[in-house]
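From first to last, the protein sequence lines stand for chains S and R.
When you line the first sequence up against our numbering, it's residues 1 to 608, in that order.
When you line the second sequence up against our numbering, it's residues 1 to 395, in that order.
No residue lacks a Cβ here, since even glycine has one placed at the ideal position from N, Cα and C.
Keep in mind the model is a prediction, meaning the values are calculated, not measured.
So the structure is just underneath, and the comments pick up after that.
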Amino acid sequence: MLDPPQAAMTDHARIRNFSIIAHIDHGKSTLADRLLERTGAVASRDMRDQVLDTMDLERERGITIKANAVRLHYRAMDGADYVLNLIDTPGHVDFSYEVSRSLEACEGALLLVDASQGVEAQTLANAYLAIEAGLEVIPVLNKIDLPASDPERVVAEMLGILGGKPAEVIRVSAKTGEGVDDLLEAIVARLPAPGGDAAGPTRALVFDSYYDSYRGVVCHVRIVDGVLRSGEGVRFMATGFQAEADEVGVRRPAPEAVAALGPGEVGYLITGIKEIDLVRVGDTVTTTARPAPWPLTGYREPKPMVYSGLFPTDGDDFERLREALDKLRLNDASLVYQPETSRALGFGFRCGFLGLLHMEIVRERLEREYDLDLVATAPSVEYRAHLTDGTEVAVRSPQDLPDTAVVASISEPVVKVMIITPSEYVGTVMELVRQRRGEMGEMTYLTPERVELHYRIPLAEVVFDFFDQLKSRTRGYASLDYEPGDYRRSDLVRLDILLNGVPVDAFSSIVHTDRAYRRGKAMVERLRELIPRQLFDVPIQAAIGGRVIARETIKAKRKDVLAKCYGGDITRKRKLLERQKEGKKRMKMVGQVEVPQEAFISALRIDE
Amino acid sequence: MSHSGVTVRGVASPDAPELADAARSWRCAYVHVPFCHRRCPYCDFAVVTPEEGGAPDRFGRYVDAVLAEIEMAGEWGPLDAIDFGGGTPSRLPAADLGRVVAALRDRFGLAEGAEVSLEANPEDWTPPTATAVAAAGFNRVSLGVQSFDLAVLEALGRRHRPADAEAAIDAAEAAGFRTVNVDLIYGTSGESMASWAATVRRALDAGLPHLSAYALTVERGTALSRAVAAGAPAPDPDGQADAYEYLRAAASEAGLVRYEVSNWARPRHACHYNLATWAQGEYLGFGLGAHSHRAGMRRRNVRRLDVYLERVERGELPEAGRERLTPAAREQERLFLGLRRVAGAETGTAGSALLDSDAGRRLVAAEVIEERHGRLRVVRPLLTDAVLREIPVVP
C-alpha cells in the first residue's frame, strides 16, 4: 500500500498550476520575470531579462521555444503559503502540440494581451485550447503604462472571447510591476487547486523534456495521481521504457531535489536515460511497482508539416551534420530526418519540421551551435500521389513524384487558417487568400473594428511567405494561426529548373498548373539575379516534363581583375582576395556553375 | 658584372620570362611624395592637400624627414630602380627631388643603368621643370594624362586640359628622358567608346615607349564611392572590358607589347620597379604611407603627415605595421603577383595545386589559364582575379 504523503509534498489545496498565453511581444517573459521577482524566486540583483528563456536564440528573438516550469512560493493576503507553478509555454503555431501538453499540466491560464495591440490570432487559438482543456482563464491586460494603450477596446475584445465582466480583467504593467500583486491574489483566489487521486496508482504527464549532457534526459512532469518518488522504478507508458527515478525535484528556478512529488505538483524527473526517443512529450509516467492501468489521454506522435533538404556546403561535413542532427534531436523529438542524395547538392538529409519557424530554428542552431555551413532546399509539404494501379505514394520532395504516366492524380494537405485583422483590411486579406487558392469559411466580428476570418488553404501556399505577405499587406496588424486539416485533390505538376542544360533537383517544386508559368518565369528571373556571372554563358530554363516554359541567360563575365597592383597594394590585395575566397566557400558547384547558397534559400520564396 | 640583370635588360622583350624572373633579385627604393593640389575623387593613396597641412612651406621639412629616414636604413644595395610616386612628386622642386636621389645613391649606391622614375602631373610639367628633373638624375617620367577628353578629365577631378598633356609629353621628350610613360584611365562615367578610342589614338600617336591604362575602380572611403553609394552610376565592367579590348588591339598594332594586366612597353622599356614588385623583389619605401619588402618582411609607414614628421624627427622609424608571411602564404603570393604578368610564373607548388583542383581544371577548360614548359600563364588578363581566387594555400 501507498505511504501517506510526505511532508516534502505540498497539500494540493495550496497549489496553483498555470501558464501564460500571450502573443509574441505582448510581454509574457517580462511578466514571468516580475512574478519570479515578486515571489523571491530570483533576487533582484540576479534579475536579468527573460530569466526562463535560456537558449541564446530565445533571448535574441524574444520567443520561447522550449517549455519550462518554475515553482514560486507565495504568502497570500489570507496568510496562507501557496505554491504557484508557472509553466512557460512556447507561443508559436509550430509548437501548438507542445502548448496543448503544457496546458494539460495546468488548471488555469493567464490570457495576457497587450493593451495597445489587442487580441491576436495566436493568442486566440491558444485561449481556445485552454478553454477546451477546461482551464480557468484569467484575462490580464498588460502595458497599461503605455500612452498608446487602448484598454477599453482591448478589454471588450477579451471579454468577447471569454465572457465575464470588465472588473474581472486584471490590469498590469509587467514592466513597472504595477498590478502584479493583484494578479498574484487573483491566481490564488480564482484558479482551482489541482485534484487527483493521492492514493491511486501514479500517473504523471511528461509535458516537456530536454537533454542535459551530464544527467541525460530530464523530463518536466505534472503529477496527476499518486506519488512519484526518487529511487522508484518508473515506466513510460507510450514507449514502454522502464528505468529508475534517479532524482525527482522542483525548479525554483534552480533545480532542487525532493524525496517525492505528490498529486498536483510540478517538477522534474531524471532517469539516466540518454535517448530522447524513449521519453516523448505527452507520455504518461507510472511506477513499475504499481502500474496505472490507463495512461492519461492526449498523447500524439509528432507530425512534421514541412520538409526540407539540408546539405552541407562542404561535402566532407556530411558526418558532422549527421552527428549534429542526432544531438539536436536529443532535445527535440519532433525533428525527423533521413539521408537524402541530391545530384546538385550531394549527400544530405531530408528533414521534417513542425513548421517554418521550427525549420529556421533548427537550421540556425545547426549553423551556430555546430559550426556548419548548410544549404537548405525550398520547403515542401507532404503530397500524396495516387497511381494508376490504385496505390498511393507519399511525396515529401519533388524528386519523390513518380513519372507523370503512372500518376492518376495528386492531392495536397489543406490547413484550417484563422486570421484576425482590423476590419478595414478584410478585402485585402480575402484577395491574398484567393491568390493562394483558399476557400472562405466563417467570418466573425470580435468588435466592430476587428474580424476573425476562417479559411481552408493549401498548406503549400501557407508555408511560402504567406505570413510575410499577410503582415505587409495589413501593415502588420493581421495575425495568423492554423491547424492541420485534410487532403484535397489538386491539379499539380512538377516544375523543374535547368541550369546550363542540367536539371537541378534542389530547385524543383510542385506547383498548381495555373501558377506554373508565372512561377517558372519568376524563378528563372530570380536565379539570373542571384547567380553571379560565370566564365561562360549559362542558360536557365524552367520546364514541365520536357517542355521549356521560361528561359533566361546569365552572360559570361568579362572583367574580374583589379587594374592596379603596386608595392604598396600587395598586402591589401592579398587580403582582399582572401576575403573573396572566403565568400566563395558559400557557393555550391552545380555541374559547372557556382551557385550561392542564398539562391537555394530564396529562389522558391517568390511572389510571382 | 652586377647582379642587376643588365644583360637581360639589354635584350629582353617586356614580356620575356627571363626578364620577369630576373626582377626577383632586384633591389629598389620607393619614395612617396604625398602632396597634391587637391584630392581626386577616385584616389585612396596617402595624399595631403594644402588645406590638410600640405602647403609648399611644408615641403622642405618633409624632404628633410625623408632624408633622415633614408639615413636610418641599414646597409643595402645597390639599387636597380628608384621610383617616386604620390601624391604628386612633380609638386616638389627639382632641387628637393635631386637631394633625395643623391641621398639614395650615397646610402645604397646605384647599379649601372638603374631606372630612376618620377610621376608627374601635366600641369606641373613645363619644359624648364622637365630639364631640371632630368638634371637631378631621373631617366624615366610617368605622366598622369588619364584622358584627352576634357569632360572626362573634369569628371575625374583633374586640373589639366588635353593640350597641357601634349605639351608635357613634348617637354619630357625634349628633356631627354630615356622612358616616357603616360597613364590613362578608362571606364569613367560619361566616357563613350568614341571618347576612349580618341584618347587611345592620341596616346599611341605620341609614339611613346610605355603606356599604362587602368580601369576606374571604386575604392572604399573615396568621394567616388560615396557618390556611387548615393546613386551615381558605378563603372560598368562590360564597358570597361570593351575599352580594354580596344586598347589591347590598338596598342599591339602600334608595336607596344603588353607585359602586365595594365602595362605596355617597347623592348627595353618595361618598368623595372614594377617588375621587381611583381616578382616578390625587395624594395625599401620612404615617406608617408610607403611600403617596404625586405628579408621576408612587409612593412608599412604611418599615413598621417604630422605623425610621420614627429616620429622621424625624434629619430624613430615611422613604421605603422609589419607582416611576415608563412612560406605557404608566400608561395601563394608569388602567384598572386606573378600571374598578373604576361610572362606568368613558374608553376611551383601553388600552381600545381591549382592545376590539380577542380577549379583549376575548369579554368584550363575555359582557356583562362594555360601551363607550358613549367610556367603558368593567364591567357585572359581581364579574368586574372577569377584565377587568383582559386589558388590554394598549400602547407
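Three-state class that DSSP yields for residue i in the structure shown
{"i": "H12/S", "result": "helix"}
{"i": "S209/S", "result": "strand"}
{"i": "Q280/R", "result": "coil"}
{"i": "P201/S", "result": "coil"}
{"i": "M158/S", "result": "helix"}
{"i": "G231/R", "result": "coil"}
{"i": "Q435/S", "result": "helix"}
{"i": "Q240/R", "result": "helix"}
{"i": "R363/S", "result": "helix"}
{"i": "V152/R", "result": "helix"}
{"i": "L296/S", "result": "coil"}
{"i": "R117/S", "result": "Checking the displayed sequence, the identity of residue 117/S turns out to be Gln instead of Arg. Looking at Q117/S - three-state DSSP - the assignment turns out to be coil, as it is neither helix nor strand."}
{"i": "A32/S", "result": "helix"}
{"i": "F108/R", "result": "helix"}
{"i": "Y445/S", "result": "strand"}
{"i": "A7/S", "result": "Low local confidence applies: a pLDDT of 40 at A7/S is under 50, so the model's placement there is unreliable, and no value is given."}
{"i": "V375/S", "result": "strand"}
{"i": "S2/R", "result": "Low local confidence applies: a pLDDT of 39 at S2/R is under 50, so the model's placement there is unreliable, with the coordinate-based value given in what follows. Looking at S2/R - three-state DSSP - the assignment turns out to be coil, as it is neither helix nor strand."}
{"i": "N301/R", "result": "strand"}
{"i": "P14/R", "result": "coil"}
{"i": "L2/S", "result": "For L2/S, the pLDDT reaches just 40, beneath the cut-off of 50, and the residue's location in the model is therefore unreliable, although a value from the coordinates is still provided. If DSSP states are grouped into helix, strand and coil, L2/S belongs with coil."}
Residue i, enclosing beta strand (DSSP E) - first and last residue
{"i": "H291/R", "result": "H291 to R294"}
{"i": "K557/S", "result": "Taken as a continuous stretch (DSSP letters only), K557/S belongs to no beta strand (DSSP E), as it is neither H nor E."}
{"i": "W264/R", "result": "N263 to A265"}
{"i": "R322/S", "result": "Here R322/S belongs to no beta strand (DSSP E); instead the alpha helix (DSSP H) covers F318 to L330."}
{"i": "A83/R", "result": "Note that residue 83/R corresponds to Asp in the displayed sequence, not to Ala. Note, D83/R: beta strand (DSSP E), L79 to G86."}
{"i": "S308/S", "result": "V306 to P312"}
{"i": "E331/R", "result": "Segment P327 to G338 is the alpha helix (DSSP H) holding E331/R; no beta strand (DSSP E) there."}
Enclosing alpha helix (DSSP H) for residue i [first to last residue]
{"i": "Y308/R", "result": "L305 to E313"}
{"i": "Y97/S", "result": "S96 to E104"}
{"i": "G583/S", "result": "I570 to K584"}
{"i": "L211/R", "result": "Run containing L211/R: none in the alpha helix (DSSP H); it sits in the beta strand (DSSP E), H210 to A215."}
{"i": "L354/R", "result": "G348 to D356"}
Whole-Å CB distance - residue i paired with residue j, under 8 angstroms assumed
{"i": "A136/R", "j": "L97/R", "result": "5 angstroms"}
{"i": "V451/S", "j": "S423/S", "result": "5 angstroms"}
{"i": "A148/S", "j": "T447/S", "result": "Actually they are not in contact, since the Cβ atoms of A148/S and T447/S sit about 18 angstroms apart, beyond 8 angstroms."}
{"i": "A155/R", "j": "R107/R", "result": "About 42 angstroms separates the two Cβ atoms, so there is no contact after all."}
Nearest residue (CA-CA) to residue i, options the options
{"i": "Q240/R", "options": "R558/S, A69/S, R222/S and G546/S", "result": "R558/S"}
{"i": "V492/S", "options": "A506/S, G441/S, D537/S and P413/S", "result": "What sits at residue 492/S in the sequence shown is Leu, not Val. Nearest of A506/S, G441/S, D537/S and P413/S to L492/S, Cα basis: P413/S."}
{"i": "A174/S", "options": "N85/S, I497/S and L31/S", "result": "L31/S"}
{"i": "G27/S", "options": "T176/S, A80/S and E98/S", "result": "T176/S"}
{"i": "P327/R", "options": "L305/R, E310/R, E245/R and G296/R", "result": "G296/R"}
{"i": "D465/S", "options": "S508/S, A22/S and L432/S", "result": "L432/S"}
{"i": "E323/R", "options": "A329/R, R299/R and R334/R", "result": "R299/R"}
{"i": "N500/S", "options": "V375/S, R551/S and A69/S", "result": "R551/S"}
{"i": "Y517/S", "options": "R547/S, A506/S, L527/S and L530/S", "result": "R547/S"}
{"i": "R356/S", "options": "A105/S, D481/S and A80/S", "result": "Note on residue identity: the sequence assigns Leu, not Arg, to residue 356/S. Out of A105/S, D481/S and A80/S, D481/S has the C-alpha closest to the C-alpha of L356/S."}
{"i": "V63/R", "options": "V100/R, A365/R, M72/R and G77/R", "result": "V100/R"}
{"i": "Y477/S", "options": "L103/S, I15/S, V279/S and H23/S", "result": "H23/S"}
{"i": "Q242/S", "options": "P166/S, P253/S, L562/S and T271/S", "result": "T271/S"}
{"i": "Y425/S", "options": "D181/S, K471/S and R488/S", "result": "K471/S"}
{"i": "A254/S", "options": "A245/S, G267/S, E244/S and D246/S", "result": "G267/S"}
Below-7 angstroms beta-carbon distance, residue i vs any chain B residue
{"i": "Q146/R", "result": "Going by chain labels, chain B is absent from the structure shown, which instead holds the protein chains S and R."}
Touching or not, the stretch 275-287 of chain R and the stretch 52-59 of chain R, by the rule of three or more beta carbon pairs under 8 angstroms? no
Using 8 angstroms as the Cβ pair cut-off and three pairs as the minimum, do the stretch 132-142 of chain S and the stretch 154-166 of chain S touch? yes
Decide yes or no for the touch test of the stretch 250-264 of chain S against the stretch 276-296 of chain S: beta carbon pairs closer than 8 angstroms, at least 3 of them. no
Are the stretch 258-276 of chain R and the stretch 336-344 of chain R touching by the rule of at least three beta carbon pairs closer than 8 angstroms? yes
Decide if the stretch 21-35 of chain S is in contact with the stretch 193-208 of chain S; the criterion is three or more beta carbon pairs, one per stretch, under 8 angstroms apart. no
Three or more C-beta pairs under 8 angstroms: does that hold for the stretch 393-402 of chain S against the stretch 443-450 of chain S? no
Three or more C-beta pairs below 8 angstroms linking the stretch 268-275 of chain R and the stretch 585-604 of chain S: no
Inter-stretch contact at 8 angstroms, needing at least 3 Cβ pairs: the stretch 329-336 of chain R / the stretch 503-513 of chain S: no
Using 8 angstroms as the threshold, is the stretch 194-207 of chain R in touch with the stretch 513-529 of chain S, meaning 3 or more CB pairs across them? no
Counting pairs of beta carbons, one from the stretch 219-228 of chain R and one from the stretch 39-49 of chain R, are three or more of them closer than 8 angstroms? yes
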